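Accompanying notes for the structure given below.
Protein chains: 4
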Amino acid sequence: MNFASDNTSGAHPDVMAALGAANTGHMPSYGADLLSDGVQTRIREIFEAPEARVYLVATGTAANALSCAVLTQPWGAIFCHRNAHIEEDECGAPEFYTNGSKLVLVDGADAKMDPVALERAIAHTGRGGIHNVQRGMVSITNATEAGAVYAPAEVAALSEIARRFHLPVHMDGARFSNALVAAGCSPAEMTWKAGVDVLSFGGTKNGCMGVEAVVIFDPKRAWEFELRRKRGGHLFSKHRFLAAQMQAYLTDDLWLKLATHANEMAAKLSSGIQAIPGAKLVHPTQANAVFAAFPRGAHKRAQGAGAYYYLWPFDQSLEGDENVQLAARLVCSWATTPEEIDAFLSHLR
Amino acid sequence: MNFASDNTSGAHPDVMAALGAANTGHMPSYGADLLSDGVQTRIREIFEAPEARVYLVATGTAANALSCAVLTQPWGAIFCHRNAHIEEDECGAPEFYTNGSKLVLVDGADAKMDPVALERAIAHTGRGGIHNVQRGMVSITNATEAGAVYAPAEVAALSEIARRFHLPVHMDGARFSNALVAAGCSPAEMTWKAGVDVLSFGGTKNGCMGVEAVVIFDPKRAWEFELRRKRGGHLFSKHRFLAAQMQAYLTDDLWLKLATHANEMAAKLSSGIQAIPGAKLVHPTQANAVFAAFPRGAHKRAQGAGAYYYLWPFDQSLEGDENVQLAARLVCSWATTPEEIDAFLSHLR
Amino acid sequence: MNFASDNTSGAHPDVMAALGAANTGHMPSYGADLLSDGVQTRIREIFEAPEARVYLVATGTAANALSCAVLTQPWGAIFCHRNAHIEEDECGAPEFYTNGSKLVLVDGADAKMDPVALERAIAHTGRGGIHNVQRGMVSITNATEAGAVYAPAEVAALSEIARRFHLPVHMDGARFSNALVAAGCSPAEMTWKAGVDVLSFGGTKNGCMGVEAVVIFDPKRAWEFELRRKRGGHLFSKHRFLAAQMQAYLTDDLWLKLATHANEMAAKLSSGIQAIPGAKLVHPTQANAVFAAFPRGAHKRAQGAGAYYYLWPFDQSLEGDENVQLAARLVCSWATTPEEIDAFLSHLR
Amino acid sequence: MNFASDNTSGAHPDVMAALGAANTGHMPSYGADLLSDGVQTRIREIFEAPEARVYLVATGTAANALSCAVLTQPWGAIFCHRNAHIEEDECGAPEFYTNGSKLVLVDGADAKMDPVALERAIAHTGRGGIHNVQRGMVSITNATEAGAVYAPAEVAALSEIARRFHLPVHMDGARFSNALVAAGCSPAEMTWKAGVDVLSFGGTKNGCMGVEAVVIFDPKRAWEFELRRKRGGHLFSKHRFLAAQMQAYLTDDLWLKLATHANEMAAKLSSGIQAIPGAKLVHPTQANAVFAAFPRGAHKRAQGAGAYYYLWPFDQSLEGDENVQLAARLVCSWATTPEEIDAFLSHLR
């Protein structure tokens, strides 16, 4: 009953098998191996983007921060949601990699940027000419930190605003797979067809060991990315082991199957919680995470029985009145089982 | 009739005279001259701070950004008001000098941080341990960008919150003199006695040519400041010419007299505007700037007659209905004359 | 016959097995798992350093650059050999992570810093006070980029110079294991007993998939390291997979056995080459790499037969006179076999 | 008898007069005044460069570091002489402003880069592709730190090498005026006609109070420069006072007259020293500085009589054998008088 995060799960057996299969003899290092080449080819196919350049790194923070660094100058503002991972969970990695960009925070329900709020934020920034930070880029997280999903049309609406101000668009897709299967569209529709220039395409949270692909739809930005990746210490020497994970992940739609499973588990969990008297959702359940409030007594029982998850926000306390509602973030992954969910729900009730 | 900023005025004759007087023969460079030494001594006296270290730079942005860089690590948040100069008017200089700190924005009326909002912002930051930016420092602007003044007790209240979280406190005193004479307290009461660790003590906007003193009350931070100043290109070789300005500024209370004059001019302007039918203050007039709304027709007449000032916010338009109220920022300086104000008011009416 | 680098080899089967074994169920992320804790405990034992703090990252560049960033300020010089990896092979990662430190280059045979040259370089730096970069830290690479090994006494001699100038000492131990078995001393003797403050302890080149341990002997520097690692995007969420590699590496002296093997293969290769008429070593063979010059004709035969390795320096050409000597870098690893070496030598002859 | 530096002198009376003349009433701030505009126009004329963009800053370090930051990426090497000011005297400002460029040091007599050495350094850099820092830019100091002067043809020879590698060229002209009058060529011949892209055109050391003009011959780089200047805290609000200095400096060839005088004083000093038994030049005297060795006894007499200058290198001692030769750096300026030189020489003898 571990719902603390999708990164508390391990790697899918196919991913582990691919690592073993890749472990044969010598291979050129630093990404010059055939496996790495094959991954780029496969991602180009999946995204219908024959010109795209694909780079693998091991963490989502690296993928995001490096992407920002190639998309904006140090004096460019990064427009993102107030609860974006790049704002709240990366210890300032974007500021470090960009050499001091400012993140300008945009509001919106369920950690989705409201288009009106985005436009206002962009319009407000840089009006003072040289005295202000300039307009730099837009970063969209899909699925969001609140478990919500932007439909392609919603992404396109934000991108269009960005385009009007000549700003590039990044998508933090640490949970891209979950968003995609929820939205029921193609990878191309969710990204470059909707105006996305660079995608952080996550593998780690959805069954890989540690790999994210940065997909750069405009190849002109690629060489700079390569230099920044190396300079950031994110170029693996035994690169085949990043590639092997991604290869397995993309074979036979494994990535989609795992995300579908995780989303289904979240839907099941969400339904179960909503059936509990007094419980209610804090955010709609659209991807693989459930944000719900239910009585403190239920939390105590569940955690006492060994369930792991975070109260949300963090600074709530399990001490006190049993009937008070406390919110929880409950994340499902490829490894979550229906049995875990049933057990968890039984403790809540 | 130029109310665009206090930096559109020139330098006071005493300051110019001091430059001439300092221009005699050879002197050691880089601040090793006697004039520079004398300035430190004088500022220590004025601030009753015999241990303080004093460094001169030529711009307010340099003073602020260097101060931030010695007070926080790159991963430390800088808590400041949403409209602080370091947030809105320095093109990201604090982010650049700190190597990527995040400015966390605090609300409050008249560009003064609300203590409750500050405490909430600090408490919210860094709760996630290693994943978030950490709590770094607090920066207070006095007088504020909206022309308001913190009393010493108000500064102390913010500092006490900072202290509770072990954070150092910076004061952006680009208009320190105006704040001080408005508050009617001593320099020590407004700064270290109220918990301020480092002060950007402005000269430029109040009658100097281009000089700001960074007053570091804790000498342990001084050597790092010196290195950062040099590395930032802000150490003058012919340093005597910074020192001479500051020396004249501090002689015979010139700095206080000029600030008193500027504040009086603002008070006169403020009264005059309030007497105009339909006009009203947007912020209280406490220092040397007036923020007031009055009919578009009056703006047209004044600007047509040669008055310079900014509509506030910038993106208002003089086109359209004459009766609609538009707000203005009108800044007085040591060089503003009663005659200018009378002429301006006559055009408004 | 691949001698291009020790990173063209794969991972040792024990390492792969450990990854599989670690892939069971949920574990806390970001290093809070028991495996990660066990690795720290084991490294403390091996290094006889019960207070040491151990942090895992996936690349040697990350280990080195992060280590430099905690050991020196941006204005501090990093003293290292002219051919150090941090100078020549990391695309400026140390400059990036330190926010602009200057690498001051020290000469010495076989990529080992000459103590006299080091002392001269340190003494020369920072004499001009505020105008120059300051003395920051010393970084020693062991084994060196030229395949040579510092004995503990040699490390201690350099550290003593550093200590005299109050400078901390980093050891780039990407090939620490190879150096250690060559020197025949204990890990403690090679590091903290010889004055090393922080060690980049390499796993990747010696049989792991991608893991390096940063061993910080002074725990006061640990928290800053943690923040910098996170901010650099180098904190793995599924951290168990870094820990598992290192755990296997340290079990039953696997790390020492693999390094011993690699060094033996290099010795065999070195002997074989020296027996070829006209061939001679460019650097002594002390660890797992051979630097030797032999006739262009021999290079052509070997490379024609499928041998992979780098001419050294890079810009030599295989075109031209068969008898001219060209130097090569030939690196052996845990995976190099005696048969490969025999085959290679037969092609050379 | 102060030969410590050309920055120990004050400002020329014409410069001071211009400051006074500029101090009349209100003027737009931040460089939007007519004086600033006039300076750009005048510099365009002087340099026969109608498209050039001209930016004023107050220190040479700012001019150089900002210029580097617009000419190279963080991963680009800056090729400069081992004794360049940007390498030895700016506390790492170029590394700070570029976010971590590496200065690659080139040898050559009299602090002039040897073209062969420059070409070798460039060719050597970046051969390893992504693993190394890339080739970034070339920076030429004229006059050099050793008082030597590059003729236009020598500048062109270095620029041509740079051009072959597609690298832009910066000239650190803190003593540009001295170099120009020594070379007897036009400003255009010394700069853009010889391949220079950006010039730091010094005023401070040659009679100004504190002003340097950055002349950007390719206007495409201008907007980035403006943003970096603001972000570095180097945009003056009362900008007229930078402009006024430069205006006076460029009026009636004052800049050339002052440099001619300084050079003549150095020539006189150089001749006088060479006439002393046992004295000899360390570098040829081509601009306004004399580098000469003469007996310790003569140093003692001169310094005892109140002469100020630096022993070169710094760590020589006046203690010991009277007959041992110690070298000195003796810098003349616009303010040096023939009488000072005669007095100094009389003490030496």
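Residue numbers (the numbering used here), protein chains in the order written: chain A, 17 to 365; chain B, 17 to 365; chain C, 17 to 365; chain D, 17 to 365. Where is the CB? At the ideal position from N, CA and C, for every residue including glycine. Note that the coordinates shown come from a computational prediction; the quantities given were computed from them, not determined experimentally.
Item to check | Nearest-angstrom beta carbon gap, residue 191 (chain B) and residue 304 (chain B) [assumed within contact, 8 angstroms] | outcome: 7 angstroms
Checklist entry - Residue range of the alpha helix (DSSP H) that residue 248 (chain C) falls in? => result Taken as a continuous stretch (DSSP letters only), residue 248 (chain C) belongs to no alpha helix (DSSP H), as it is neither H nor E.
Checklist entry - Going straight from the alpha carbon of residue 347 (chain D) to that of residue 30 (chain D), what length do you get? => result 22 angstroms
Checklist entry - Among C:79, C:318, C:52, C:152, which residue has its Cα nearest to the Cα of residue 365 (chain C)? => result C:318
Item to check | Run of the beta strand (DSSP E) containing residue 341 (chain B), from where it starts to where it stops | outcome: 341–347
Next on the checklist: Let me check one thing: in DSSP terms, what residues is residue 186 (chain B) bridge-paired to?
Outcome noted: B:155, B:214
Item to check | Rounded separation between residue 214 (chain A) and residue 32 (chain C) - CA only | outcome: 33 angstroms
Next on the checklist: Quick check: the region 132–140 of chain D against the region 108–116 of chain D, are at least 3 beta-carbon pairs closer than 8 angstroms?
Outcome noted: no
Checklist entry - Looking only at DSSP bridge pairs, what is residue 18 (chain C) linked to? => result DSSP, once it has assigned bridges, lists C:324 as partnering residue 18 (chain C).
Checklist entry - Which one of D:203, D:195, D:315 has the shortest CA to CA distance from residue 61 (chain D)? => result D:203
Next on the checklist: Using the three-state DSSP reduction, which class does residue 143 (chain C) fall into: helix, strand or coil?
Outcome noted: coil
Checklist entry - By Cβ distance below 7 angstroms, which residues in the same chain neighbour residue 1 (chain D) in space, the five residues on each side in sequence not counted? => result Lying before the first or after the last residue shown, residue 1 (chain D) is absent from chain D, which here runs from 17 to 365.
Item to check | Of the listed residues C:274, C:294, C:91, C:164, nearest to residue 104 (chain D) (C-alpha basis) | outcome: C:91
Next on the checklist: So if I threshold CB-CB distances at 7 angstroms, which residues from the region 81–96 of chain B count as touching chain A?
Outcome noted: 90, 91
Item to check | Interface residues of chain A facing residue 331 (chain B) [CB-CB closer than 7 angstroms] | outcome: 143
Item to check | residue 107 (chain A) - containing beta strand (DSSP E), residue span | outcome: Unbroken run through residue 107 (chain A): none, as it is neither H nor E.
Checklist entry - Ordered along the chain, which non-local residues of its own chain (more than five positions away) have a Cβ less than 6 angstroms from that of residue 49 (chain D)? => result 43, 256
Next on the checklist: Pull the bridge partners of residue 297 (chain C) from the DSSP assignment, please.
Outcome noted: C:308
Item to check | Selection of the region 117–150 of chain B by Cβ proximity to chain C, strictly under 8 angstroms | outcome: Result list: 146, 147, 150.
Checklist entry - In chain D, what lies closer than 8 angstroms to residue 243 (chain A) by C-beta? => result 89, 91, 146, 150
Next on the checklist: Checking the sheet assignment: what are the DSSP bridge partners for residue 171 (chain D)?
Outcome noted: Answer is none; residue 171 (chain D) lacks a bridge partner.
Item to check | Distance between beta carbons of residue 145 (chain D) and residue 133 (chain D), contact taken as under 8 angstroms | outcome: Residue 133 (chain D) to residue 145 (chain D), Cβ: 23 angstroms. No contact.
Item to check | Proximity test, Cβ basis, 8 angstroms: residue 247 (chain C) and chain E | outcome: The question asks about chain E, but that chain is absent: this structure's protein chains are A, B, C and D.
Checklist entry - Hey, which unbroken runs of the alpha helix (DSSP H) at 4 residues or more fall wholly within the region 25–68 of chain A? => result 29–38, 50–62
Checklist entry - So which residues of chain A does residue 78 (chain C) contact, with C-beta pairs closer than 7 angstroms? => result 249
Checklist entry - If we cut at 8 angstroms on Cβ distances, does residue 42 (chain A) have a partner in chain C? => result yes
Next on the checklist: Mapping the DSSP letters down to three states, classify residue 277 (chain D) as helix, strand or coil.
Outcome noted: helix
Next on the checklist: So if I threshold CB-CB distances at 8 angstroms, which residues from the region 208–240 of chain A count as touching chain C?
Outcome noted: 220, 221, 225, 226
Next on the checklist: To be precise: take each residue of the region 95–114 of chain D, compare its Cβ to all Cβ atoms of chain C, and keep it if any distance is under 7 angstroms. Which residues remain?
Outcome noted: With the criterion set as a beta carbon lying under 7 angstroms from some beta carbon of chain C, the members of the region 95–114 of chain D are 104, 105, 107, 108, 111, 112, in sequence order.
Checklist entry - Among D:322, D:355, D:110, which residue has its Cα nearest to the Cα of residue 20 (chain D)? => result Distances from the alpha-carbon of residue 20 (chain D) to those of D:322, D:355, D:110 put D:322 closest.
Checklist entry - Exposed or buried, what is residue 266 (chain C) when buried is set at 16 or more other beta-carbons lying within 10 Å of its beta-carbon? => result buried
Next on the checklist: Please return the same chain residues whose Cβ sits closer than 7 angstroms to the Cβ of residue 199 (chain C), not counting the five positions on each side in sequence.
Outcome noted: 165, 167, 168, 206
Checklist entry - Looking only at its own chain, which residues have a Cβ that is under 6 angstroms from the Cβ of residue 220 (chain A), when we skip the five neighbours before and after it? => result 226
Item to check | Opening and closing residue of the beta strand (DSSP E) in which residue 231 (chain A) lies | outcome: 228–232
Item to check | Status (buried if at least 16 other CB within 10 Å, exposed otherwise) for residue 37 (chain D) | outcome: The residue is exposed, with fewer than 16 neighbouring Cβ atoms inside 10 Å.
Checklist entry - Among D:45, D:180, D:119, D:297, which residue has its Cα nearest to the Cα of residue 131 (chain D)? => result D:180
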